[in-house]
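**Q** Going line by line, the protein sequences match chains A and B.
For the first sequence, position 66 (counting from the first letter as 1) is numbered 66 according to the working numbering, and the numbering increases by one without interruption.
Take any residue in the second sequence, note its place counting from 1, add 201, and you have its number in the working numbering.
There are 2 protein chains.
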Amino acid sequence: MARGTASPEIEQLIQLLARLPGLGPRSARRAALDLVKKKEQLLQPLATALATARDTIVTCEACGNIDTVSPCTICRDETRDRTLICVVEEVGDLWALERAGVLQGLYHVLGGTLSPLDGIGPEDLTIGKLVERARDPKVVEILLALNATVEGQSTAHFISDQLADCGVAIYRLAHGVPVGGELDYLDDGTLAAAVKAKKMV
Amino acid sequence: MARGTASPEIEQLIQLLARLPGLGPRSARRAALDLVKKKEQLLQPLATALATARDTIVTCEACGNIDTVSPCTICRDETRDRTLICVVEEVGDLWALERAGVLQGLYHVLGGTLSPLDGIGPEDLTIGKLVERARDPKVVEILLALNATVEGQSTAHFISDQLADCGVAIYRLAHGVPVGGELDYLDDGTLAAAVKAKKMV
Ligand SMILES: [Zn+2]
Ligand SMILES: [Zn+2]
Chain A
1 MARGTASPEI
11 EQLIQLLARL
21 PGLGPRSARR
31 AALDLVKKKE
41 QLLQPLATAL
51 ATARDTIVTC
61 EACGNIDTVS
71 PCTICRDETR
81 DRTLICVVEE
91 VGDLWALERA
101 GVLQGLYHVL
111 GGTLSPLDGI
121 GPEDLTIGKL
131 VERARDPKVV
141 EILLALNATV
151 EGQSTAHFIS
161 DQLADCGVAI
171 YRLAHGVPVG
181 GELDYLDDGT
191 LAAAVKAKKM
201 V
Chain B
202 MARGTASPEI
212 EQLIQLLARL
222 PGLGPRSARR
232 AALDLVKKKE
242 QLLQPLATAL
252 ATARDTIVTC
262 EACGNIDTVS
272 PCTICRDETR
282 DRTLICVVEE
292 VGDLWALERA
302 GVLQGLYHVL
312 GGTLSPLDGI
322 GPEDLTIGKL
332 VERARDPKVV
342 EILLALNATV
352 EGQSTAHFIS
362 DQLADCGVAI
372 YRLAHGVPVG
382 GELDYLDDGT
392 LAAAVKAKKM
402 V
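#1: Count the other C-beta atoms from every protein chain shown that fall within 10 angstroms of the C-beta of A:R172, then say buried if there are 16 or more, exposed otherwise.
#2: Considering only the alpha carbon of each residue, which of A:I159, A:L191 and A:L42 lies closest to B:P222?
#3: Can you find a CB in chain B that lies within less than 9 Å of the CB of A:Q12?
#4: If we call anything under 9 Å between Cβ atoms a contact, is B:R230 one with A:W95?
#5: Going by alpha carbons, who is nearest to A:D67 out of B:A370, B:L214, B:A394 and B:G329?
#6: I'd like to know whether the C-beta atoms of B:I343 and B:I286 end up nearer to each other than 9 Å.
#7: Quick one: does B:S355 have its CB under 9 Å from some CB of chain A?
#8: What is the DSSP secondary structure of B:R373, counted as helix, strand or coil?
#9: Does any C-beta atom of chain B lie closer than 9 Å to the C-beta of A:V87?
#10: Starting from A:V102, follow the beta strand (DSSP E) in both directions and report where the run begins and ends.
#11: Around the C-beta of B:M202, are 16 or more other C-beta atoms found within 10 angstroms, so that it is buried, or is it exposed?
#12: Out of curiosity, what's the CA-to-CA distance linking A:A100 and A:L183?
#13: What does DSSP give as the partner residue(s) for B:T260 in the beta ladder?
#14: Which residues, in order along the stretch 114-126 of chain A, keep a beta-carbon less than 9 Å from a beta-carbon of chain B?
#15: Measure the beta-carbon distance from B:R281 to B:L307 and round it to whole angstroms, keeping in mind my assumption that it falls under 8 Å.
#16: Between B:T327 and the rest of its own chain, which residues show a CB-CB distance below 8 Å, the 5 nearest in sequence each way excluded?
#17: Between which two residues does the alpha helix (DSSP H) containing B:V332 stretch?
#18: Determine the extent of the beta strand (DSSP E) in which A:E141 is found, giving its start and end residues.
#19: Apply the 10 Å Cβ neighbour rule to A:H88 and answer buried if 16 or more other Cβ atoms are within range, or exposed otherwise.
#20: So, A:A53 versus B:A250, is the Cβ gap smaller than 9 Å?
#21: Taking only heavy atoms of ligand 4 into account, decide whether any of them is closer than 8 Å to the Cβ of A:G92.
#22: Closer than 6 Å between the C-beta and any heavy atom of ligand 2: which residues qualify, listed along the chain?
#23: For B:S316, does the three-state DSSP call read helix, strand or coil?
#24: How long is the line joining the alpha carbons of A:G4 and A:P25, rounded to whole angstroms?
#25: Scan the stretch 215-260 of chain B and note each continuous alpha helix (DSSP H) run of 4 residues or more that stays entirely inside, going in chain order.
#26: Is it the case that the Cβ atoms of B:E210 and A:T56 are separated by a distance below 9 Å?
#27: Measuring from the CB of A:L206, is there a heavy atom of ligand 1 at a distance below 8 Å?
#28: Below 9 Å between beta carbons: does that hold for B:D294 and B:A375?
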């Protein structure tokens, strides 16, 4: 053990934990200690869960959701409304809408927002695939459930231009979503209200 | 995928991540998503690091430190001052002192503090083993580096009583440590000052 450091194995664990969103260097150190202390109850199950996730989780080729099957369970679910596609930025937004239980249709995960300054253009998102899906005559409605941020709204604007000749009705979420807010931080009631009062673009 | 939930494999991962100190349910969900998104760069290395920690990390039979060898690297280090034993509550405190680089001696990790209300008595900590170590004629000085909390100080008081006839000089950290503060939260300078101005008990 070098002066001032734990063993390399633990240092490596701390470094990786510190890269998780929400954990800084100090809390990563506490988490590593806690893991080692609770070897049977926490470290072992977490190691197994990560290995399982690594070996089983795939991205749905249809909608971009993550699941253990592709197409994902939502895309396979015959009871869902195939005339509606709800477009979200990230999988976390899809989860938020599913938790709220307010969407009967399918989803489309963009994988982010347009950001010319960061070099993120339409080809870096799944916009081409969305246009393809929208051309399917079965699809009647596209709901753009993007974050109410500048990036989210300019991406929504770009997408509705792209979808203009696809023969679909394009909706956005109602302004129940606080301006500047992010979907994943909202309560179920606000999400439900925003879906219910959706406005045609 | 059940309504409102991710796949069982991801739910399991979220549940376990939420048990790490510093991560609540929401940040555990974000962390899980981030892990799945960064499979090669984060999920795979973290799974490996956890498996390595599980298979290699042991508790030092001499001092209670955690390392890949027992006795630990500190206990094996022949350049360290074997006349001094620094007593700490937890391994995290040992790490804090090592990071500050202010201790030339060995350590002794108690594994907590006395807490009669929680049913934690002397036999639940490594106090007996400490008394045994203190009886070694080579040991001249015991530094009680416990937290400046009520529990830490009453445990220190109990230990100095136990060590009374061991023929060692007993020290506590100087009152550079803020009253009510915990070692692991202090900066190196404060720790160094506290060690330097140590007071005889
Ligand atoms: Zn899907
Ligand atoms: Zn040791």
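Note that the Cβ used here is the ideal one computed from N, Cα and C, for glycine as well.
**A** Quick look at the numbers:
#1: buried
#2: A:L42
#3: Taking Cβ atoms only, chain B reaches closer than 9 Å to A:Q12, which makes this a yes.
#4: yes
#5: Each of B:A370, B:L214, B:A394 and B:G329 was checked against the Cα of A:D67, and the nearest Cα belongs to B:L214.
#6: yes
#7: No, B:S355 lies away from the interface with chain A (no Cβ there is under 9 Å from its Cβ).
#8: It is a strand residue.
#9: no
#10: Per DSSP, A:V102 belongs to no beta strand (DSSP E) and is neither H nor E.
#11: Residue placement at B:M202 is flagged as unreliable, the pLDDT there being 40, under the threshold of 50; the coordinate-derived value follows with that caveat. Buried, because 16 or more other Cβ atoms sit within 10 Å of the Cβ of B:M202.
#12: 11 Å
#13: B:I267
#14: none
#15: About 6 Å separates the two Cβ atoms, so the contact holds.
#16: Hits under 8 Å: G265, H309, V310, L311 and G312.
#17: I328 to R336
#18: E141 to L144
#19: It is Val, not His, that sits at residue 88 of chain A in the sequence shown. Classification for A:V88: buried.
#20: Not closer than 9 Å, so no.
#21: In the structure shown, ligand 4 is absent; the only ligands present are ligand 1 and ligand 2.
#22: B:C261, B:A263, B:C264, B:N266, B:P272, B:C273, B:I275 and B:C276
#23: strand
#24: Its pLDDT being 46, under 50, A:G4 is placed unreliably in this model, and the coordinates cannot settle the point.
#25: 226-238 and 245-257
#26: yes
#27: What the structure shows of chain A is the stretch from 1 to 201, and residue 206 of chain A is not part of that stretch, so it cannot be assessed.
#28: Cβ distance not < 9 Å, so B:D294 and B:A375 don't count as in contact.
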